[in-house]
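A.B. asks: My structure is below; once you've seen it, I'll send some questions.
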Amino acid sequence: MSGPAYGMDLHPDGRHILVAQMGGARTYGDQGMVGLYEMPLAK
Numbered sequence: 299m300s301g302p303a304y305g306m307d308l309h310p311d312g313r314h315i316l317v318a319q320m321g322g323a324r325t326y327g328d329q330g331m332v333g334l335y336e337m338p339l340a341k
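Structure below.
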């Protein structure tokens, strides 16, 4: 996903993050998106 992030929340397990983003036209974001990401394990 591309676009500015307006909110992020880290899951208590420390491996998952939820990101709220806006997308759409360059001058006015008219589409909201929520992405759930899994962070890789540190080796």
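Here the working numbering runs 298 ahead of the position in the sequence shown, where the first position is 1.
For glycine and all other residues, C-beta sits at the position ideal for the given N, C-alpha and C.
#1: Which residue's Cα is closest to the Cα of alanine 303: Leu334, Gly312 and Pro310?
#2: What is the DSSP secondary structure of leucine 339, reduced to helix, strand or coil?
#3: Nearest CA to the CA of methionine 320: which residue from Met337, Glu336, Met331 and Met306?
#4: The beta strand (DSSP E) spanning glycine 312 covers which residue range?
#5: Tell me the rounded alpha-carbon separation between leucine 308 and histidine 314.
C.D. replies: With the structure as the only source:
#1: Translated into positions along the sequence shown, residue 303 becomes position 5. With distances taken between Cα atoms, alanine 303 lies closest to Leu334.
#2: Counting from 1 along the sequence shown, the entry for residue 339 is found at position 41. DSSP places leucine 339 in coil when its eight states are reduced to three.
#3: Within the sequence shown, numbered from 1, the residue matching residue 320 stands at position 22. Ranking the options by Cα distance to methionine 320, first place goes to Met331.
#4: Your numbering for residue 312 matches position 14 in the sequence shown. Segment: none, glycine 312 is in no beta strand (DSSP E) and carries neither H nor E.
#5: Locating residue 308 in the sequence shown gives position 10, where the first residue counts as 1. Locating residue 314 in the sequence shown gives position 16, where the first residue counts as 1. Looking at the two C-alpha atoms, the distance is approximately 6 Å.
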